[in-house]
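>
There are 2 protein chains.
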Amino acid sequence: MSRTTQGTPAVPGPASPPGGPAAAAGPEEARAAFRAGSTAPTSGWAPGCTQVNIISVPRDWAYDVLLFCQRNPRPCPVLDVTDPGETSTVLAPGADLRTDLPAYRVWEDGELVEEPEEVTGRWRNDLVTFLIGCSFTFEWALAGAGVPLRHLEQERNVPMYVTDRPCRPAGQMHGPMVVSMRPVPEELVGTAARITGRMPAVHGAPVHSGDPSRIGIADLGSPDFGDAVDARPGDVPVFWACGVTPQAAVMASRPPFAITHAPGRMFITDVRDERYLVP
Amino acid sequence: MSRTTQGTPAVPGPASPPGGPAAAAGPEEARAAFRAGSTAPTSGWAPGCTQVNIISVPRDWAYDVLLFCQRNPRPCPVLDVTDPGETSTVLAPGADLRTDLPAYRVWEDGELVEEPEEVTGRWRNDLVTFLIGCSFTFEWALAGAGVPLRHLEQERNVPMYVTDRPCRPAGQMHGPMVVSMRPVPEELVGTAARITGRMPAVHGAPVHSGDPSRIGIADLGSPDFGDAVDARPGDVPVFWACGVTPQAAVMASRPPFAITHAPGRMFITDVRDERYLVP
């Protein structure tokens, strides 16, 4: 797998929305800003509204993708699937999936060929779009419980790593699990696991904490997606299954065509994060 | 929809396993008894092991069934999907899905044509089998919290009803939501909702409690599947989404061929019920 197609997206940007909190008030305003050309990472935008990973594949690959997600629910929790060619979703009626993300990735035969701001010109009437839960959704719950979020403190995209853990394959779809990492003070690791464990629709409890080499990560300083984040003394690296996993599977499985979000540039839905909390 | 194809299965039997608790000790022993010819309902067998609904459809219907389940997770929580023609599942390695249930239903063009004890002769190499969560899984948790289970007290199959609530359709698959009903003492309805809400993989919290006519049920005494159950004074009818919903969709959507379990005659897996409890 070529590292050159995996790095931080070519569209840089700050972690917080321009114009301050007022500009980030609602999901419609956020999507309008991205439709108008902003390529900023979506972390911090429309707080309280669920952000999702996006992957669109031709209809004849949709069963394998859906089954891959069903068989790997920790990295790939499916929140909605569109009908072929559909450009909207029940999670955000009125939004346009082709224009309302900050940045996209276009894939041909598993190779990243383009990273455009919108994909209207690349759209196909046979594309089925999968909306997949994102760990951003549980960050409000972590913050509320006093678990510090180092990547937000440092105004960076969360770091993501390809592991050596294979996903359970489905038809033509196969690939390794991708994880996001957050440094957590050792005494709060249990709290973080308990809180996120109550949100199985957005990756649930961590899949690993501690030594990164145990899951095939050689260097925390060189994430495969996103930005490296500095740990503080006493922090332990905690790893959650990540919704970029389908992108890694696209790279490995080489469908003839696919469109995904650019890492960290998510689709912002109208759904409140609380909906995915098991009470 | 013809009532004559929906009633209590033709294979009657007691709610408890023959031979007492020892005979019900493990899932392998239970499956062996059904393979050997027992047609008893599975409630009370292999306590602590997860029982699942089964639906097998030809490969060219599998995407619509999987998407139907994804779009209707309350009635249709998918716990596993086999590859085409496969006769076993990761949830019970070594079991045979064609023989290890007490009774099956065979459907042609949406019509019930047969209710055999095994389906080896009806098997096809293009069949994809869906294993769908069952409310039996949360009954141990209800009992543990002091919520009485009237159908078990009365040694009956749980009653199930077709509602007037349509599921969200998916391709060719459409149909109404089916619910199971348990009479619950009024002061315990909140407890029952809280406990089952923590088990979203096995239908989660109730979809309704109280007046049955609000969800299109005319007469609690005439269930569409299973047995009528007597309420005690002070009981409130509480309704949970039910894994028989895909059978109702098969009746409505008329795939050319399908095999399902007979209501109340589930497939017993090796998985412990606790696995589906969100901590």
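These protein sequence lines map, in sequence, to chains A and B. Residue numbers in the first sequence follow the UniProt record's numbering, run continuously in steps of one, and reach 279 at the last position. Residue numbers in the second sequence follow the UniProt record's numbering, run continuously in steps of one, and reach 279 at the last position. Just so it is clear, CB atoms sit at the ideal spot from N, CA and C, and this is done for glycine as well.
Checking the sheet assignment: what are the DSSP bridge partners for ALA170 of chain A?
A:MET173
> Can you tell which of B:VAL250, B:ARG182, B:GLY121, B:ASP270 has the C-alpha that lies nearest to the C-alpha of SER135 of chain B?
B:ARG182
> Compare the C-beta of ARG275 of chain B with all C-beta atoms of chain A and state if any pair is closer than 8 Å.
no
> Using a Cβ-Cβ cutoff of 7 Å, what residues of the region 31–54 of chain A are near chain C? List them in chain order.
Within the model displayed, chain C is absent; protein chains A and B are what it includes.
> Could you tell me if ALA143 of chain B is buried or exposed, where buried requires 16 or more neighbouring beta carbons within 10 angstroms of its beta carbon?
exposed
> How about TYR63 of chain B: is its C-beta nearer than 8 Å to some C-beta of chain A?
At least one chain A Cβ lies under 8 Å of TYR63 of chain B.
> To the nearest angstrom, report how far apart SER88 of chain A and PRO75 of chain B are at their CA atoms.
25 Å
> Using only CA atoms, which one of A:PHE34, A:GLY221, A:PHE257 lies nearest to ASN125 of chain A?
A:PHE257
> Between the alpha carbons of THR99 of chain B and PRO27 of chain B, how many angstroms are there, rounded?
C-alpha of THR99 of chain B to C-alpha of PRO27 of chain B: approximately 14 Å in a straight line.
> Could you compute how far the alpha carbon of VAL236 of chain A sits from the alpha carbon of SER222 of chain A?
17 Å
> Evaluate ARG31 of chain B with the Cβ neighbour count: other Cβ atoms within 10 Å of its Cβ, from every protein chain shown; 16 or more gives buried, anything less gives exposed.
buried
> Just to confirm the assignment, what range does the beta strand (DSSP E) spanning GLU114 of chain A have?
111–114
> Pull up the distance between the alpha-carbon of GLU29 of chain A and that of THR245 of chain A, whole angstroms please.
So the alpha carbons of these two residues sit roughly 29 Å apart.
> Of the choices A:PRO148, A:ARG35, A:PHE68, A:CYS69, whose alpha-carbon is the least far from that of GLY94 of chain A?
That would be A:ARG35, whose Cα lies nearest to the Cα of GLY94 of chain A.
> Closest to ARG198 of chain A by C-alpha separation, out of A:ALA141, A:PRO116, A:MET160, would be which residue?
A:ALA141
> Can we say the region 151–161 of chain A touches the region 50–68 of chain A, given the rule of at least three CB pairs closer than 8 Å?
The region 151–161 of chain A is not in contact with the region 50–68 of chain A.
> Comparing C-alpha positions only, which one of A:VAL202, A:VAL57, A:PRO212 sits nearest to VAL106 of chain A?
A:VAL57
> Identify the contact partners of ARG198 of chain B in chain A, using a Cβ-Cβ distance below 7 Å as the criterion.
For ARG198 of chain B, the neighbours in chain A by C-beta distance under 7 Å run, in chain order, VAL278.
> Need the endpoints of the alpha helix (DSSP H) that HIS203 of chain A sits in, please.
Looking at the DSSP string, HIS203 of chain A is not in any alpha helix (DSSP H), and its letter there is neither H nor E.
> If we cut at 8 Å on Cβ distances, does ALA22 of chain B have a partner in chain A?
A caution first: ALA22 of chain B carries a pLDDT of 40, below 50, which makes its placement in the model unreliable, though a value can still be read off. It does not: the Cβ of ALA22 of chain B has no partner Cβ on chain A nearer than 8 Å.
> Using the C-alpha atoms, what's the distance from LEU79 of chain B back to PHE130 of chain B?
8 Å
> Output the boundary residues of the alpha helix (DSSP H) element that contains SER253 of chain B.
For SER253 of chain B, the enclosing alpha helix (DSSP H) has its first and last residue at 245–253.
> Just the chain B side, please: which residues come within less than 8 Å of LEU66 of chain A by C-beta, in chain order?
TYR63, LEU66, LEU67, GLN70
> If you follow the alpha helix (DSSP H) that PHE267 of chain B is in, where does it begin and where does it stop?
Element bounds for PHE267 of chain B: not the alpha helix (DSSP H) but the beta strand (DSSP E), 267–272.
> For the alpha helix (DSSP H) containing GLU153 of chain B, list its first residue and its last residue.
150–153
> So, at 6 Å on beta carbons, what are the nonlocal neighbours of CYS69 of chain B in its own chain, with the 5 sequence-adjacent residues on each side left out?
CYS76, VAL78
> Tell me the rounded alpha-carbon separation between ALA231 of chain B and ARG150 of chain B.
7 Å
> Between which two residues does the beta strand (DSSP E) holding TRP140 of chain A run?
Unbroken run through TRP140 of chain A is the alpha helix (DSSP H), 136–144; no beta strand (DSSP E).
> Since ALA241 of chain B and VAL179 of chain B are thought to touch, with beta carbons under 8 Å apart, how far apart are those beta carbons, to the nearest angstrom?
Sure, about 6 Å apart at Cβ, within 8 Å.
> Report the three-state DSSP secondary structure of ALA258 of chain B (helix, strand or coil).
strand
> With a threshold of 8 Å between beta carbons, is VAL119 of chain A in contact with chain B?
Judged by the 8 Å Cβ criterion, VAL119 of chain A is not in contact with chain B.
> Just the Cα atoms here: how many angstroms apart are ASP83 of chain B and ALA170 of chain A?
8 Å
> Compare the C-alpha of GLY85 of chain B against each of B:PRO116, B:ILE259, B:ARG156 and name the closest.
Nearest neighbour of GLY85 of chain B by Cα position, chosen from B:PRO116, B:ILE259, B:ARG156, turns out to be B:ILE259.
> From what residue to what residue does the beta strand (DSSP E) around THR50 of chain B run?
49–58
> For VAL238 of chain A, decide whether its Cβ has a neighbour in chain B, counting only Cβ atoms nearer than 8 Å.
no
> Please confirm whether ALA262 of chain A and ALA103 of chain A have their CB atoms less than 8 Å apart.
yes
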